[in-house]
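Asks: Chains A and Z, in that order, give the protein sequences.
The first sequence: position 292 = 292 (UniProt numbering), numbered continuously.
The second sequence: position 311 = 311 (UniProt numbering), numbered continuously.
Number of protein chains: 2
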Amino acid sequence: MKKIINDPKNVVDEMLKGIVAAHPNHVKRLEGFEVLVRAQGPTDKVALVSGGGSGHEPSHGGFVGKGMLDGAVAGAVFTSPTPDQVYEAVKAVDGGKGVLLVIKNYTGDVMNFEIAAEMAEADGIKVEKVVVNDDVAVEDSTWTTGRRGIAGTLFVHKIAGAKAEAGGSLDEVKAVAEKVITNVRSMGMALSPCTVPAAGKPSFTLAENEVEIGMGIHGEPGTHRETLKTANEIVDHLLQKIFDDISLAADDEVAVMVNGLGGTPTMELYVANLRVSEVMKEKGIKIAKTYVGNYMTSLEMAGFSISVIKLDAELKELLLAEANTPALVQ
Amino acid sequence: MKKIINDPKNVVDEMLKGIVAAHPNHVKRLEGFEVLVRAQGPTDKVALVSGGGSGHEPSHGGFVGKGMLDGAVAGAVFTSPTPDQVYEAVKAVDGGKGVLLVIKNYTGDVMNFEIAAEMAEADGIKVEKVVVNDDVAVEDSTWTTGRRGIAGTLFVHKIAGAKAEAGGSLDEVKAVAEKVITNVRSMGMALSPCTVPAAGKPSFTLAENEVEIGMGIHGEPGTHRETLKTANEIVDHLLQKIFDDISLAADDEVAVMVNGLGGTPTMELYVANLRVSEVMKEKGIKIAKTYVGNYMTSLEMAGFSISVIKLDAELKELLLAEANTPALVQ
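Encoded structure:
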């Protein structure tokens, strides 16, 4: 295992400290917990808390800040955060208007965030939650009942975060988050596995020139393995699976995310994005905004995912609103 | 070779088209050339042109936009752009106030940018140039006389770009770029090699658990190979080499870049950044700004570099000024 770390036991703690050291104007550590919150403390608006296992950086701590999240909870690598950590995050960010939990659909995450919500509600904090299940690759998976939540989650953070920033009530922020979830789809593929620091070796292997289509962000199996094809063929396949699942027609407007899984050269993400833009143009679908980069990674896994969200006027306005976080400024 | 590409011959062209497709409000292609320029055309200010071989994305096209570059020239992967491409970029961005060429110190780049400058000067365009040589690892290298230019070049783009945006004359913009070069130092290390698409195989190999210290961004040899140490030990060594080369004392102020080479998990970059911040704190050196991410990559190489720039009031103000480009917004 070749990693720039000190001790696998300390990697999450040191990473969180490294994020705070880099972005002290944006985030601070919730003392004693694996939680990052906004540097200036609770805000007078609905607060958003997300999180999950570590290893997906900059998700989720990199998206704490104006226009997106108020708190991010970091579990051990690829492991759900415990309820007490989520509960502390909720308490820390609540400014009296309530807290929306944005949960990626993994059984452990859903369970632990729900327990935390009950704990906070017992304290009198208003808590609502949404579960993101954007990955069209497979129904049910290694750690999931239903579809997995992957990079499309960023659109929930961005859009619901903007709604909260604009003064939306907890019900309104939850409603727009649900609207994002209804309209966002993603699918990915992997060229290589990744190694959880505490495990010390890759969780699976791929043959030379073999890739996995529909791979999850923790290395969960996808739909199938195949010989590496061209970028255009890969993009066409991933987009077709997305189009099979959500109705998109000429003159519809979308936003796109071409998300690197950690080990993919930026050059290759842009080559993939060219094909995404070509396919959309062929179909007469307008692209309002494109994100290309490492947003929801899987440690050093090579590969990428495509996320597409169908926009209406409300979603578009909120997506394009100002945000100022360590990993996304616009 | 596992890459998300179509044909090695088309990778630079398709990447440039993919960047334009993603960021049409920021950049456009200079038709017929491997050049990206600002979407809105020439500006009424001194213009900055940079570039070099491709494979370092988001450098340099990702930094075209307000407060940074006006044009970026993309050579073949790890290959200097030809003089005619640079010449076309200069002609396209000149708004009458002159053009500064920001060149990384590689023999081919320096030669071809100089020829382009002479061609443009023959047309009556005022052209000045600076050569960035921030890499303290080695004197002279595979493709370089003197020190190499690596990720510290971003500070030249950012600071000289801000000076130009503020209305500085060509001499003033050049002078502040030279001041950055005098005050910035970098050094990196690699855990793994990378593969140039047209070559199809890695340009060198490292044994299991072996790393190269001082590696160049095209895989040029560094100072030595050694067994992988802890993140803290690696950071301490790289910083010591930097401190040996530039005088920094308590109460000095710096900015820091922890730059991923393309295949390094964001998690690991932040672990490294923690140690950078600790060492600076021990020395009483203040950090005004930290950048952590993939800014100047080497395709899928795993590893990172640290850049440190010593700031005075002028450099700090320009560094913190607004920028709005595909890959850096602040």
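Think of the CB as a built atom: it goes at the ideal place given N, C-alpha and C, for glycine as much as any other residue.
So with Cβ pairs under 8 Å, would you call T230(A) a contact of chain Z?
Replies: For the purposes of this step, residue 230(A) is identified with residue 230 of the first sequence, where counting begins at 1. Taking Cβ atoms only, chain Z reaches closer than 8 Å to T230(A), which makes this a yes.
Asks: Along the segment 196 to 230 of chain Z, what residues have a CB closer than 9 Å to any CB found in chain A?
Replies: P197, L206, E208, N209, E210, V211, L228, T230
Asks: Just grab the DSSP bridge partners of S59(Z) for me.
Replies: Walking along the second sequence from the start, residue 59(Z) turns up at place 59. DSSP, once it has assigned bridges, lists no residue as partnering S59(Z).
Asks: What three-state label does DSSP hand residue 332(A) in the structure shown?
Replies: This structure gives no information on residue 332(A), because the portion of chain A shown stretches from 1 to 330.
Asks: Among S80(Z), T79(Z), F113(Z), which has the Cα closest to the Cα of V90(Z)?
Replies: Indexing the second sequence from 1 puts residue 90(Z) at position 90. Here the closest residue by C-alpha is F113(Z).
Asks: Looking at C-beta atoms only, is the number of pairs between the segment 281 to 288 of chain A and the segment 104 to 119 of chain A that lie closer than 8 Å three or more?
Replies: no
Asks: Does the beta-carbon of S59(A) have 16 or more other beta-carbons within 10 angstroms, so that it is buried, or is it exposed?
Replies: Residue mapping note: residue 59(A) aligns to position 59 of the first sequence, counting from 1. S59(A) should be labelled buried.
Asks: Cβ closer than 7 Å: which chain Z residues qualify as neighbours of P58(A)?
Replies: The residue given as residue 58(A) occupies position 58 in the first sequence. What P58(A) touches in chain Z: T266.
Asks: Rounded to a whole number of angstroms, what is the C-alpha to C-alpha distance between D244(Z) and E165(A)?
Replies: Looking up residue 244(Z) in the second sequence gives position 244. Looking up residue 165(A) in the first sequence gives position 165. Answer to the nearest angstrom: the Cα atoms are 47 Å apart.
Asks: Determine the direct distance from the alpha carbon of M68(A) to that of V176(A), and round the result to whole angstroms.
Replies: Translated into the one-based positions of the first sequence, residue 176(A) becomes position 176. Translated into the one-based positions of the first sequence, residue 68(A) becomes position 68. Inter-residue distance for V176(A) and M68(A) is about 13 Å (C-alpha atoms, whole angstroms).
Asks: Is any beta-carbon of chain Z found at less than 8 Å from that of A22(A)?
Replies: Here residue 22(A) refers to the residue found at position 22 of the first sequence. Output row for A22(A): interface = yes.
Asks: What residues from chain Z crowd round T297(A), counting only those whose CB sits closer than 9 Å?
Replies: Taking the first sequence and counting its residues from 1, one reaches residue 297(A) at position 297. Within chain Z, the residues near T297(A) are P265, T266, M267.
Asks: Taking the Cβ atom as the reference point for each residue, do G146(Z) and N105(Z) lie within a distance shorter than 8 Å?
Replies: The count along the second sequence starts at 1 and reaches residue 146(Z) at position 146. The count along the second sequence starts at 1 and reaches residue 105(Z) at position 105. Against a cut-off of 8 Å, the Cβ pair of N105(Z) and G146(Z) comes out as a contact.
Asks: For M111(Z), would you say it is in contact with chain A, using Cβ-to-Cβ distances shorter than 8 Å as the test?
Replies: For the purposes of this step, residue 111(Z) is identified with residue 111 of the second sequence, where counting begins at 1. It does not; no Cβ of chain A falls within 8 Å.
Asks: Under the three-state reduction of DSSP, which class applies to K126(Z): helix, strand or coil?
Replies: Against the second sequence, residue 126(Z) aligns to sequence position 126. Residue state, collapsed to three classes: coil.
Asks: For M111(A), is the classification buried or exposed, using 16 other Cβ atoms within 10 angstroms of its Cβ as the cut-off for buried?
Replies: Within the first sequence, the letter at position 111 stands for residue 111(A). Label assigned to M111(A): exposed.
Asks: Within the continuous beta strand (DSSP E) that includes S50(Z), where are the two ends?
Replies: Your numbering for residue 50(Z) matches position 50 in the second sequence. Annotation for S50(Z): the continuous beta strand (DSSP E) segment containing it runs 47 to 54.
Asks: By alpha-carbon positions, which one of I125(A), E88(A), N133(A), T79(A) ends up nearest to V102(A)?
Replies: Counting from 1 along the first sequence, the entry for residue 102(A) is found at position 102. From the listed residues I125(A), E88(A), N133(A), T79(A), the smallest Cα separation to V102(A) is found for N133(A).
Asks: Please list the residues of the segment 293 to 322 of chain A that have a C-beta atom closer than 7 Å to any C-beta atom in chain Z, keeping them in chain order.
Replies: N294, T297, L299, E300, A302, F304
Asks: Does DSSP put G214(Z) in a helix, a strand or coil?
Replies: Within the second sequence, numbered from 1, the residue matching residue 214(Z) stands at position 214. Three-state DSSP puts G214(Z) in coil, outside helix and strand.
Asks: Check for me: the alpha helix (DSSP H) holding L178(A) runs from which residue to which?
Replies: In the first sequence, the residue the question calls residue 178(A) occupies position 178. This sequence places Glu at residue 178(A); Leu is not what is there. In this chain, the alpha helix (DSSP H) harbouring E178(A) covers 170 to 183.
Asks: What residues from chain A crowd round A272(Z), counting only those whose CB sits closer than 8 Å?
Replies: The residue you call residue 272(Z) lines up with position 272 of the second sequence. Going along chain A in sequence order, the residues near A272(Z) (Cβ under 8 Å) are I4, G18.
Asks: Taking the CB atoms as reference points, tell me whether D25(Z) and A39(Z) lie closer together than 8 Å.
Replies: Numbered from 1 along the second sequence, position 25 holds the residue referred to as residue 25(Z). Numbered from 1 along the second sequence, position 39 holds the residue referred to as residue 39(Z). The residue asked about is misnamed: residue 25(Z) is Asn in this sequence, not Asp. Inclusion of N25(Z) and A39(Z) in the CB contact set at 8 Å is warranted, their separation being smaller than that value.
Asks: In chain Z, which residues lie with their C-beta within 7 Å of the C-beta of E14(A)?
Replies: Taking the first sequence and counting its residues from 1, the one referred to as residue 14(A) is at position 14. In chain order: V271, L274.
Asks: Within a Cβ cutoff of 6 Å, which residues of the same chain sit near L228(Z), ignoring the five residues on either side of it in sequence?
Replies: The residue given as residue 228(Z) occupies position 228 in the second sequence. These residues qualify, in order along the chain: N209, V211.
Asks: Per DSSP, what are the beta-bridge partners of M187(A) in this structure?
Replies: Reading the first sequence from its first residue, position 187 is the one you call residue 187(A). Answer by DSSP bridge pairing, in chain order: I306(A).
Asks: Hey, is V329(Z) close to the ligand NAP, as in C-beta under 7 Å from one of its heavy atoms?
Replies: With respect to the ligand NAP, the structure offers nothing, as it holds no ligand at all.
Asks: Near G284(Z), what residues of its chain come up, given a Cβ to Cβ distance below 7 Å and the 5 sequence neighbours on each side ignored?
Replies: Working through the second sequence from its first residue, we reach residue 284(Z) at position 284. Contacts found: A250, D251.
Asks: Using CA coordinates, which residue listed in M1(A), P8(A), A21(A) is at the minimum distance from residue 336(Z)?
Replies: The question about residue 336(Z) has no answer, for chain Z in this structure spans 1 to 330.
Asks: Just the Cα atoms here: how many angstroms apart are A151(Z) and G188(Z)?
Replies: Within the second sequence, numbered from 1, the residue matching residue 151(Z) stands at position 151. Within the second sequence, numbered from 1, the residue matching residue 188(Z) stands at position 188. So the alpha carbons of these two residues sit roughly 9 Å apart.
Asks: Is the shortest distance between the beta-carbon of V37(Z) and the beta-carbons of chain A less than 8 Å?
Replies: Here residue 37(Z) is taken as the residue at index 37 of the second sequence, counted from 1. No, no contact with chain A.
Asks: In chain order, what residues of the same chain have a beta carbon less than 7 Å from the beta carbon of T144(Z), not counting five sequence neighbours either side?
Replies: Here residue 144(Z) refers to the residue found at position 144 of the second sequence. Taken in chain order, the residues that qualify are N105, Y106, T107.
Asks: Thinking E57(Z) and V271(A) are a contact (beta carbons under 8 Å), I'd like their distance in whole angstroms, please.
Replies: Against the second sequence, residue 57(Z) aligns to sequence position 57. Against the first sequence, residue 271(A) aligns to sequence position 271. The pair is not a contact, with the Cβ atoms about 10 Å apart (cut-off 8 Å).
Asks: If the cut-off is 9 Å on Cβ atoms, which residues from the segment 172 to 197 of chain Z count as contacting chain A, listed in chain order?
Replies: M189, L191, S192, C194, P197
Asks: Using the Cβ count rule (16 or more neighbours within 10 Å means buried), how would you classify Q240(Z)?
Replies: Here residue 240(Z) refers to the residue found at position 240 when the second sequence is read from its first residue. With fewer than 16 neighbouring CB atoms inside 10 Å of its own CB, Q240(Z) falls in the exposed class.
Asks: Specify, as a first and last residue, the run of the beta strand (DSSP E) that I287(Z) falls within.
Replies: Within the second sequence, residue 287(Z) is the residue found at index 287, counting from 1. Residues 286 to 293.
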